[in-house]
């Protein structure tokens with residue numbers, strides 16, 4: 293994080309993320325109790341953010357153009373994959389998301405879209 297107003301009192305500073313996403317090594321974090329706690333907190337926060345996004349979406353649904361209503365949604369699947377295939381899925385997903393967001397960056401019809409994904413073995 294970095295301050296976006298370095299001239300203010302330290303308690304009054306607003307913070308902004310330096311990076312678009314927060315990432316970590318699951319293996320390294322799982323190696324300690326503290327790391328597992330941090331990852332668990334981040335996962336719960338992501339679920340809370342999803343709930344907030346769903347509420348915001350539902351509250352504004354009547355005002356969305358039909359193409360946005362049709363394109364929106366939530367899905368869940370339970371599939372059998374190897375760890376290698378799940379890694380490949382992540383790589384492809386983020387590559388496609390990066391490609392599409394770059395393509396649409398200057399399109400006046402583009403809107404911020406909340407994307408939440410999970411790949412959790414059972």
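Numbering (this note's numbering), first residue to last: 293 to 414.
Backbone N, C-alpha and C define an ideal beta-carbon position, used for all residues, glycine too.
Please read all numbers here as calculations on a predicted model, not as lab measurements.
Open item on the list: Suppose you measure from the CA of residue 384 to the CA of residue 354; what does that come to, to the nearest Å?
Closed with: Within the chain shown, the letter at position 92 stands for residue 384. Within the chain shown, the letter at position 62 stands for residue 354. The alpha-carbon separation between residue 384 and residue 354 amounts to approximately 33 Å.
Open item on the list: Runs of 4 residues minimum, wholly inside the segment 373-403: which ones carry the alpha helix (DSSP H) assignment?
Closed with: Listed in chain order, they are 375-396.
Task: Euclidean distance between Cα positions of residue 370 and residue 400 - done: The residue you call residue 370 lines up with position 78 of the chain shown. The residue you call residue 400 lines up with position 108 of the chain shown. One C-alpha to the other measures close to 36 Å.
Task: Residue range of the alpha helix (DSSP H) that includes residue 358 - done: For the purposes of this step, residue 358 is taken as the residue at position 66 of the chain shown. Unbroken alpha helix (DSSP H) run through residue 358: 358-363.
TODO: Would you mind stating whether residue 405 and residue 338 have Cβ atoms separated by less than 8 Å?
DONE: Taking the first residue of the chain shown as position 1, residue 405 is located at position 113. Taking the first residue of the chain shown as position 1, residue 338 is located at position 46. Going by C-beta atoms, residue 405 is not nearer than 8 Å to residue 338.
Open item on the list: Short of 8 Å in beta carbon distance, which residues of its chain neighbour residue 318, apart from the five on each side in sequence? Order them along the chain.
Closed with: Translated into positions along the chain shown, residue 318 becomes position 26. Closer than 8 Å at Cβ, skipping near neighbours: 331.
Task: Euclidean distance between Cα positions of residue 417 and residue 329 - done: Here the chain has residues from 293 to 414 only, and residue 417 is not among them.
Open item on the list: Give me, in chain order, the residues of the same chain whose beta-carbon lies closer than 6 Å to that of residue 396; leave out the 5 immediate sequence neighbours on both sides.
Closed with: In the chain shown, counting from the first residue as 1, residue 396 sits at position 104. Only 402 meet the Cβ criterion.
Task: N- and C-terminal bounds of the alpha helix (DSSP H) containing residue 345 - done: Residue 345 sits at position 53 when you count from the first residue of the chain shown. Run containing residue 345: 325-352, per the alpha helix (DSSP H) assignment.
Open item on the list: Give me the residue from 381, 373, 393 with the minimum Cα distance to residue 413.
Closed with: Indexing the chain shown from 1 puts residue 413 at position 121. From the listed residues 381, 373, 393, the smallest Cα separation to residue 413 is found for 373.
TODO: Give the straight-line distance between the Cα atoms of residue 378 and residue 389, rounded to the nearest whole angstrom.
DONE: Your numbering for residue 378 matches position 86 in the chain shown. Your numbering for residue 389 matches position 97 in the chain shown. Going from the Cα of residue 378 to the Cα of residue 389 covers about 16 Å.
Task: Terminal residues of the alpha helix (DSSP H) in which residue 410 lies - done: Indexing the chain shown from 1 puts residue 410 at position 118. Careful: residue 410 lies outside any alpha helix (DSSP H) and carries neither H nor E.
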